[in-house]
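S.K.: So that we are looking at the same thing, I have put the structure below in structure tokens.
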Amino acid sequence: MDSFGSATRKFRIPLLNDSVSAGFPSPADDYTEENIDLNEHLISNPFSTFFLRVKGDSMINAGIKDKDLIIVDKSLIAKPGDIVIAMIDGEFTIKRLSIKNDELYLKAENHNYPDFSFKNHIDVQIWGVVIYSIHSYL
Amino acid sequence: MKISSNVAIALIDANNFYASCEQNINPNLRNKPVVILSNNDGCIIARSPEARALKIKMGTPYFKIKEQLNKLDVAVLSSNYSLYGDMSRRLMNLLKNYCEEIEIYSIDEAFVSISRPNDKNLYPWARNIRSLIYQNLGITITVGIGENKVRAKIANKLAKNIDYSAGIFDLARTRNENNYLKRISVDKIWGVGKQTSNWLQSKGIKNAKELRDMEENEIIKKLGIVGKRLQLELKGYKCLPIEKNKKSKKEIQVSRSFGTPVTKLEDLTQALAAHAIKASEKMRSQNLQSSNIRVFARTSKYSSQNYQRSAHRKLTNATDDTNSILKIVVELSKEIYNPEHKFSKAGVLMQDLTNSEYLQQSVINYKSQKDLKKSAILMRTIDLLNKRFNNNAITWAITKTPKSWTMNKNFLSRSSTTDIERIPTIVK
Numbered sequence: 077m078d079s080f081g082s083a084t085r086k087f088r089i090p091l092l093n094d095s096v097s098a099g100f101p102s103p104a105d106d107y108t109e110e111n112i113d114l115n116e117h118l119i120s121n122p123f124s125t126f127f128l129r130v131k132g133d134s135m136i137n138a139g140i141k142d143k144d145l146i147i148v149d150k151s152l153i154a155k156p157g158d159i160v161i162a163m164i165d166g167e168f169t170i171k172r173l174s175i176k177n178d179e180l181y182l183k184a185e186n187h188n189y190p191d192f193s194f195k196n197h198i199d200v201q202i203w204g205v206v207i208y209s210i211h212s213y214l
Numbered sequence: 048m049k050i051s052s053n054v055a056i057a058l059i060d061a062n063n064f065y066a067s068c069e070q071n072i073n074p075n076l077r078n079k080p081v082v083i084l085s086n087n088d089g090c091i092i093a094r095s096p097e098a099r100a101l102k103i104k105m106g107t108p109y110f111k112i113k114e115q116l117n118k119l120d121v122a123v124l125s126s127n128y129s130l131y132g133d134m135s136r137r138l139m140n141l142l143k144n145y146c147e148e149i150e151i152y153s154i155d156e157a158f159v160s161i162s163r164p165n166d167k168n169l170y171p172w173a174r175n176i177r178s179l180i181y182q183n184l185g186i187t188i189t190v191g192i193g194e195n196k197v198r199a200k201i202a203n204k205l206a207k208n209i210d211y212s213a214g215i216f217d218l219a220r221t222r223n224e225n226n227y228l229k230r231i232s233v234d235k236i237w238g239v240g241k242q243t244s245n246w247l248q249s250k251g252i253k254n255a256k257e258l259r260d261m262e263e264n265e266i267i268k269k270l271g272i273v274g275k276r277l278q279l280e281l282k283g284y285k286c287l288p289i290e291k292n293k294k295s296k297k298e299i300q301v302s303r304s305f306g307t308p309v310t311k312l313e314d315l316t317q318a319l320a321a322h323a324i325k326a327s328e329k330m331r332s333q334n335l336q337s338s339n340i341r342v343f344a345r346t347s348k349y350s351s352q353n354y355q356r357s358a359h360r361k362l363t364n365a366t367d368d369t370n371s372i373l374k375i376v377v378e379l380s381k382e383i384y385n386p387e388h389k390f391s392k393a394g395v396l397m398q399d400l401t402n403s404e405y406l407q408q409s410v411i412n413y414k415s416q417k418d419l420k421k422s423a424i425l426m427r428t429i430d431l432l433n434k435r436f437n438n439n440a441i442t443w444a445i446t447k448t449p450k451s452w453t454m455n456k457n458f459l460s461r462s463s464t465t466d467i468e469r470i471p472t473i474v475k
């Protein structure tokens, strides 16, 4: 499915438009125009928004769980406190961008995982800012 | 018509577009040499800067340098057009916000028009748009600015070749224009084909400056109005407009090379049917109908027996109905088939396209209105189902038998941005 295409395309199904009114007009007539489009509500910059899937429990304390769907907006400039996707040593990683003693570092939201300091690595890049995570209860 | 200098044209293109798309969505490929293979994994059609640095050449057949690539630890990928198409759509939509008009010229190239600010300096604008695109998509663009399209193209080349340009060059703002124009050889000028370039070189015209200053009559005599326009653009006049809304397509083509050569009629028909299904789907998504359906097949360009055939059928009434089109394509495939040849490529073309809305009235006794409506509803339902579920969730039986003719795509990356099942995974 073209997940981003649908961010700009809306599938609307007008239910009552074709009905011939023979009598009292349906009070619902005025309410048939819009459907709730999650793309519209969750995504403000569709052209810079990407989806990723989480594996593992390193962000469990931030409420991000294994298999969650992550919505990432690359247009946002990351600031301390944001949950970010970073590229480190050829892998995507999800962490909270944090600041301690004037220095930025990446913090896992799980005590079993170490913090990650920018100092010791040459190629670290913030790839995007996480704007939502979607968890399935099924 | 010398243009008022307050509207500039920029040619914006993405650097190493296919490779950049792959590197952006797969951190594993960053800073690594990456090459992309053509359809059917034939030859190299794109390289990351790292692969360029290894002197890997464009167009090299893959089988010839397979070993070498392996030794150099180069990542090899099949072309992934759903990824490139999606990234292109994002790129073009982002560009729209930063210019007045845009003409999408190719998957990774666009002409845009932009007003010159009072201080005439467009470098801040260009720097801004460059960093914005990098931030949003992880893709680097080059911005060439000039008074018109031809000069914007030249500026773009200069931006790529001049180290200190940082990916931006404004040909309208340089003091030593002659020196820069001399760096562009005639065969590299937009609009100069092979023949024209040969002729110019035989006249001693080697570069853009010499073409600009060439005797006008001589150009007109040989190249006519097209040549004159080209020279005028080189001089800074604006002759070619930005084509904001390119006219709707004149034809829709779906064609593919075969993974292994096709010799059986059954396979050829099946391939053409699959292409026809795709083409009719494309037509419907653009509200188009065709009244001239063409199929073609050819042997490899490199084979000694260069054979190609095409056949077409004109229709009284344009259609976008897959069933009707398939019937015709199956018949046509028999006409072009020849058992003595190994086909390496085949395709269908939907020609004489018309907008379906104009057509509604002209429908006469071809099919009854009722049947037409029925078929339209059926097609729409199929398209919706295929959009909703996987592509080809519903298709025609003719394409369902095992295929021996499909393309090789042995190194295809995931459709990371367009398929929810294939989005990248963050491990920890």
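Protein chains in written order, with my numbering: chain W, 77 to 214; chain A, 48 to 475.
Each residue gets a CB set at the ideal place from its N, CA and C atoms; glycine is no exception.
Cutting at 6 Å between CB atoms, please list the residues of its own chain near A/VAL190, excluding the five before and the five after it.
M.R.: So the qualifying residues of the chain are ALA57, ILE59, ALA173 and ILE215.
S.K.: Which residue comes first and which comes last in the alpha helix (DSSP H) that contains A/SER135?
M.R.: First-last of the alpha helix (DSSP H) with A/SER135: 128-143.
S.K.: Are A/THR464 and W/PHE126 close, meaning C-beta to C-beta below 8 Å?
M.R.: Yes, the pair counts as a contact, with Cβ atoms nearer than the cut-off.
S.K.: Where does W/PRO190 land, buried or exposed, given buried means 16+ other C-beta within 10 angstroms?
M.R.: The residue is exposed, with fewer than 16 neighbouring Cβ atoms inside 10 Å.
S.K.: Taking beta-carbon pairs under 7 Å, can you tell me which members of the segment 122-135 of chain W lie near chain A?
M.R.: Flagged, chain order: PHE123, SER124, PHE126, PHE127, LEU128, ARG129, VAL130, LYS131, GLY132 and SER134.
S.K.: Sort A/PHE158, A/LYS275, A/SER337 and A/GLU382 by Cα distance to A/PRO288 and report the nearest one.
M.R.: When only C-alpha atoms are compared, the closest one is A/PHE158.
S.K.: Please state if the CB of W/PHE192 and the CB of W/TYR208 are separated by a distance shorter than 8 Å.
M.R.: Not closer than 8 Å, so no.
S.K.: Using 8 Å for Cβ pairs, my map puts A/ASN87 next to A/SER302. What's the rounded Cβ distance?
M.R.: Contact doesn't hold; Cβ gap of about 12 Å is too wide.
S.K.: Determine the contact status of W/ILE161 and W/ILE170, defining contact as a CB-CB distance below 8 Å.
M.R.: Closer than 8 Å, so yes.
S.K.: Please report how far the alpha carbon of A/LEU76 lies from the alpha carbon of A/LEU84, in whole angstroms.
M.R.: Taking the straight line joining both Cα atoms gives about 15 Å.
S.K.: A/HIS480 lies in the beta strand (DSSP E); which residues open and close that run?
M.R.: With chain A covering only 48 through 475, there is no way to say anything about residue 480 of chain A.
S.K.: Report the partner residues of A/SER304 according to the DSSP bridge assignment.
M.R.: According to DSSP, A/SER304 bridges with A/LYS392.
S.K.: Measuring CB to CB, does A/ILE186 end up less than 8 Å from A/ASN71?
M.R.: Against a cut-off of 8 Å, the Cβ pair of A/ASN71 and A/ILE186 comes out as a contact.
S.K.: Taking the alpha carbon of A/ARG227 as the reference point, which residue from A/LYS297, A/ALA323 and A/LEU205 has its own alpha carbon closest?
M.R.: The identity of residue 227 of chain A in the sequence shown is Tyr, whereas the question assumes Arg. It is A/LEU205 whose Cα lies nearest to the Cα of A/TYR227.
S.K.: What is the rounded straight-line gap between the Cα of W/HIS211 and the Cα of A/LYS361?
M.R.: In a straight line, the C-alpha of W/HIS211 is about 54 Å away from that of A/LYS361.
S.K.: In the DSSP output, which residue or residues are listed as bridge partners for A/ILE188?
M.R.: Bridge partners of A/ILE188: A/ALA61.
S.K.: Checking 8 Å against the spacing of the C-beta atoms, do A/LEU279 and A/ARG198 come in under that value?
M.R.: Contact flag unset, no.
S.K.: Going by CA-CA distance only, name the one from A/VAL309, A/PRO164 and A/ASN203 that's closest to A/ASN62.
M.R.: Answer by Cα proximity: A/ASN203.
S.K.: Can you tell me whether W/ILE112 is buried or exposed, with buried defined as 16 or more other CB within 10 angstroms of its CB?
M.R.: So W/ILE112 ends up on the exposed side.
S.K.: Counting only beta-carbon separations shorter than 8 Å, does A/VAL474 have a partner in chain W?
M.R.: Judged by the 8 Å Cβ criterion, A/VAL474 is in contact with chain W.
S.K.: According to DSSP, which residues form a beta bridge with A/ALA157?
M.R.: DSSP output for A/ALA157 lists A/ILE59 and A/ILE151 as bridge partner(s).
S.K.: Could you name the residues of chain A that W/GLY139 contacts, counting a contact when the two beta carbons are closer than 7 Å?
M.R.: Here the premise fails: no neighbours, minimum Cβ distance about 15 Å.
S.K.: Are A/LEU130 and A/SER460 closer than 8 Å when you measure CB to CB?
M.R.: Taking 8 Å as the Cβ cut-off, A/LEU130 and A/SER460 qualify as a contacting pair.
S.K.: On the three-state DSSP scale, how would you describe A/GLY271?
M.R.: A/GLY271: helix per DSSP, three-state reduction.
S.K.: Which same chain residues end up closer than 8 Å to A/THR310 when comparing Cβ atoms and leaving out the 5 residues on each side of it in sequence?
M.R.: Excluding sequence neighbours, A/THR310 sits near PRO386, HIS388, LYS389 and PHE390.
S.K.: Output needed in chain order: residues of the segment 136-156 of chain A with a Cβ under 7 Å from some Cβ in chain W.
M.R.: Against chain W - using a Cβ distance shorter than 7 Å - the residues of the segment 136-156 of chain A are ARG137, ASN140 and LEU141.
S.K.: Can you check whether the C-beta of A/ILE59 is within less than 8 Å of a C-beta belonging to chain W?
M.R.: So no, A/ILE59 is outside the interface.
S.K.: Would the segment 139-152 of chain A and the segment 89-99 of chain A be scored as touching if the rule is three or more Cβ pairs under 8 Å?
M.R.: The segment 139-152 of chain A vs the segment 89-99 of chain A: no contact.
S.K.: If distances are taken between C-alpha atoms only, which option among W/LYS131, W/ASN177 and W/ASN121 comes closest to W/ILE146?
M.R.: The candidate whose alpha carbon is nearest that of W/ILE146 is W/LYS131.
S.K.: Does DSSP put A/TRP452 in a helix, a strand or coil?
M.R.: Correct three-state label for A/TRP452: coil.
S.K.: Beta-carbon within less than 8 Å of A/LYS291's beta-carbon, same chain only, minus the 5 sequence neighbours each way: which residues are those?
M.R.: Excluding sequence neighbours, A/LYS291 sits near GLU148, ILE149 and GLU150.
S.K.: Alpha carbon to alpha carbon, how far is A/ASN455 from A/PHE353? Give it in angstroms, no decimals.
M.R.: The identity of residue 353 of chain A in the sequence shown is Asn, whereas the question assumes Phe. Roughly 22 Å separates the two Cα atoms.
S.K.: Would you identify the three-state DSSP class for W/GLU116, choosing helix, strand or coil?
M.R.: DSSP places W/GLU116 in helix when its eight states are reduced to three.
S.K.: With DSSP collapsed to three states, give me the class of A/ASN168.
M.R.: In this structure, A/ASN168 counts as coil in the three-state DSSP scheme.
S.K.: If you follow the alpha helix (DSSP H) that A/LEU9 is part of, which residue opens it and which one closes it?
M.R.: What is shown of chain A runs 48 to 475, which leaves residue 9 of chain A out entirely.
S.K.: Rounded to the nearest angstrom, how far is the Cβ of W/ALA154 from that of W/VAL205, given a contact under 8 Å?
M.R.: Confirmed, about 5 Å.
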